[in-house]
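For reference, the structure is listed below as structure tokens.
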């Protein structure tokens with residue numbers, strides 16, 4: 002059986018979906034064999050541990066969405082799995098299509114994707130159109146959280162299998178950030194899209210009485226922060242990210258909506274205290290492992306920042322959560338809930 006995985010979001014600068022995609026590729030390789038799995042890529046990768054085929058057709062681009070089927074027709078596969086919420090406008094009826102949906106934040110909350118109102122409308126329209134068609138063409142849909150599963154059922158009347166993401170052990174040693182001392186800073190990791198609620202975090206931090214620094218790390222090329230006690234590092238290496246997680250006073254994740262919240266697990270794995278909002282799937286993380294706050298209530302977050310020194314968690318509780326979200330657990334769920342179905346296709 003030939004497996005074709007759509008890994009066009011796998012990147013040399015890995016995001017959460019990129020890390021997820023690489024791990025799922027390994028699961029398929031272990032089950033079906035290395036030579037039976039091919040991955041579609043969109044950029045030349047520095048580190049690659051799989052057979053690949055390149056295309057310059059971009060996901061989420063409407064005219065590329067129409068053309069992608071012609072590209073797929075040239076490839077030999079029995080099962081196609083898109084590792085994010087975009088597959089092809091047309092579907093080959095003789096092939097089995099799977100799609101992983103990470104979130105539908107643009108539908109779940111009325112939040113802008115772009116500040117320009119015309120561009121925002123057109124982008125939302127295009128994303129909605131692509132997702133509707135993607136779901137229609139999917140024989141099986143995977144959602145990474147119960148929250149996303151409920152959203153897909155509510156907005157698109159499509160059921161799915163809930164299989165969570167696993168926590169990634171970020172490779173590499175720890176490399177300290179210059180002029181940053183351990184436990185002298187709070188940490189935010191992510192981009193500056195409106196759904197990430199970064200301005201809310203900046204406002205809460207500015208109004209708090211803490212003497213610590215707020216460090217922002219991630220792909221925030223257009224973020225201009227000119228505030229006291231706030232440091233924007235931009236993109237950091239895996240080694241630097243390891244150090245930041247291990248040495249922050251706490252990791253703060255204020256999103257209005259998350260389909261899963263992988264950075265929360267990464268932070269917990271490195272021993273960081275985590276304060277996250279109740280947006281989307283984040284409320285599914287138990288209060289024994291994280292502190293929650295309302296993403297619209299400044300006072301709740303300010304209180305966590307100001308009282309952080311007295312907040313502690315039981316390590317056994319953290320380990321229990323990490324066990325649930327291990328890639329070994331994900332592997333077993335994939336085999337029991339998905340791969341066993343493939344036997345019917347043979």
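In the working numbering, the protein residues as written are 2 to 347.
Just so it is clear, CB atoms sit at the ideal spot from N, CA and C, and this is done for glycine as well.
The model shown is predicted, which means the values in this text are computed figures rather than measured ones.
Look at the alpha carbon of residue 235 and the alpha carbon of residue 153, and state the distance between them as a whole number of angstroms. 33 Å
Can you check which of these residues, 59, 93, 261, 199, is closest to residue 299 by C-alpha distance? 199
Going by the beta-carbon positions, is the gap between residue 185 and residue 260 smaller than 9 Å? no
Can you tell which of 89, 312, 135 has its C-alpha closest to the C-alpha of residue 68? 89
Contact under 9 Å by Cβ, residue 219 with residue 255: no
Cβ atoms of residue 48 and residue 95: under 9 Å apart, would you say? no
Range of the contiguous alpha helix (DSSP H) that encloses residue 153: 147 to 157
Note the first and the last residue of the continuous alpha helix (DSSP H) segment covering residue 12. That residue, residue 12, is in no alpha helix (DSSP H); it is neither H nor E in DSSP.
Express the C-alpha separation of residue 97 and residue 342 in angstroms, rounding to a whole number. 11 Å
Name, in chain order, the residues that DSSP records as bridge partners for residue 242. Answer is none; residue 242 lacks a bridge partner.
Check whether the Cβ atoms of residue 107 and residue 133 sit closer than 9 Å, and answer yes or no. no
Could you check which residue in 155, 144, 92, 139 has the C-alpha nearest to that of residue 71? 92
If you reduce the DSSP assignment to three classes, tell me which class residue 109 lands in. helix
Run the CB neighbour count on residue 288, radius 10 Å, all protein chains shown included, and call it buried at 16 or more, exposed below. exposed
In chain order, what residues of the same chain have a beta carbon less than 6 Å from the beta carbon of residue 177, not counting five sequence neighbours either side? 244
Excluding sequence positions up to five away, which residues of its chain have a Cβ less than 7 Å from the Cβ of residue 209? 303, 306, 307
Helix, strand or coil at residue 219 according to DSSP, with G and I counted as helix: coil
With residue 190 as the anchor, note down where its beta strand (DSSP E) starts and where it stops. 186 to 190
Would you mind stating whether residue 171 and residue 242 have Cβ atoms separated by less than 9 Å? yes
Those runs of the beta strand (DSSP E) which lie wholly inside the segment 25 to 59 and span at least 3 residues: 38 to 42, 52 to 55
When the Cα atoms are used, what is the spatial distance from residue 257 to residue 189? 14 Å
Supposed contact pair residue 102 and residue 4 - C-beta distance, whole angstroms, cut 8 Å: Not quite, the Cβ-Cβ distance comes to about 19 Å (not below 8 Å), so this is no contact.
Buried or exposed for residue 297, going by 16 or more other Cβ atoms inside 10 Å? exposed
Which residues share a DSSP beta bridge with residue 278? 294
Helix, strand or coil: how does DSSP classify residue 233 here? strand
Quick check: the Cα distance between residue 39 and residue 295, rounded to an integer number of angstroms? 43 Å
According to DSSP, residue 70 sits in a beta bridge with which residue or residues? According to DSSP, which records beta bridges pairwise, residue 70 is partnered with nothing at all.
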